[in-house]
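In what follows, a single structure is set out as structure tokens and then discussed.
In the working numbering, the protein residues as written are 804 to 1054.
Written as structure tokens, this is what we have:
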């Protein structure tokens, strides 16, 4: 028996609630709308395969006709976006977040999945600055070549160019990760978060004049990283390239 206590988030496809079980264990319930059943089933199947502190612990799921209810253990954390905007953040904390986000992404890839909705809101900070990756409804099997999306994926502004063409690649997550880093350091977005058509029309040109201004204030190794992440998928840095970057090696 599960009791849903308090709604903490509401989106187009789902609601997220604080919940408890009959033993008073603290849980999170993700209520996915019936319309998004395929996405819910995809997430459940992936959650059942995930273990360790980097991912949510699956507890139970059931359908009540209107929603698929997915229960996970509550780590009593806060997503990175809200952490940064409400608590403030030091440069050392930024570096810790960047490194741990990369570790989460790589561990998911090792399990054979690409996330395809990497963003600050989909990482939870908890217990002594541990970081957990959440929300696997957009995830697909990893591929060495470009593949067609089976469901709509991602978030405008974070999405890599191939996503807007209905395609994905295993390096797609690293583009999104680069957007996360840019936001943490620049407090702005490298690409449009409201209307992507201009970026699409310009083939996501990077760097443009706006980017150059910000890049000039960065360390050379940071510039090198961004310039090789914001590229077409077949030229983009993968994990093994990223960890060779001297800035990433230093954190």
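Note that the Cβ used here is the ideal one computed from N, Cα and C, for glycine as well. These numbers come from a predicted model, not from an experiment.
Straight-line Cα distance separating residue j from residue i
i            : j            : result
residue 1009 : residue 857  : 31 Å
residue 861  : residue 1020 : 43 Å
residue 966  : residue 823  : 37 Å
residue 941  : residue 1049 : 32 Å
residue 805  : residue 841  : 23 Å
residue 875  : residue 952  : 26 Å
residue 820  : residue 872  : 10 Å
residue 1011 : residue 1034 : 13 Å
residue 1023 : residue 981  : 16 Å
residue 969  : residue 955  : 8 Å
residue 865  : residue 1016 : 51 Å
residue 902  : residue 851  : 25 Å
residue 838  : residue 849  : 19 Å
residue 833  : residue 808  : 12 Å
residue 1029 : residue 869  : 43 Å
residue 884  : residue 1007 : 24 Å
residue 910  : residue 918  : 11 Å
residue 813  : residue 836  : 11 Å
Per DSSP, the bridge partner or partners of residue i
i           : result
residue 819 : 812 and 833
residue 866 : 871
residue 887 : None; residue 887 has no bridge partner.
residue 972 : Beta-bridge pairing links residue 972 to no other residue.
residue 882 : 927
residue 861 : 875
residue 977 : According to DSSP, which records beta bridges pairwise, residue 977 is partnered with nothing at all.
residue 824 : 805
Local conformation of residue i per DSSP, three classes
i            : result
residue 872  : strand
residue 935  : strand
residue 1040 : coil
residue 1028 : helix
residue 959  : coil
residue 912  : helix
residue 918  : coil
residue 952  : coil
residue 944  : strand
residue 1045 : helix
residue 986  : helix
residue 991  : coil
residue 1002 : helix
residue 901  : helix
residue 964  : helix
residue 851  : coil
Residue-level contact to chain C via CB, residue i, 8 Å cutoff
i           : result
residue 821 : This model lacks chain C altogether, as it is built from one protein chain only.
Buried/exposed call for residue i, threshold 16 Cβ in 10 Å
i            : result
residue 877  : buried
residue 843  : buried
residue 973  : buried
residue 935  : buried
residue 938  : buried
residue 1093 : With the chain running from 804 to 1054 in the structure shown, residue 1093 is simply not present.
residue 922  : buried
residue 1000 : exposed
residue 845  : buried
residue 895  : exposed
residue 855  : exposed
contact_flag[the segment 986-996, the segment 943-955] where n(CB pairs < 8 Å) is 3 or more: Output reads no: the segment 943-955 does not touch the segment 986-996.
Three or more C-beta pairs below 8 Å linking the segment 878-886 and the segment 916-935: Three or more Cβ pairs drawn from the segment 878-886 and the segment 916-935 lie within less than 8 Å of each other, which places the two stretches in contact.
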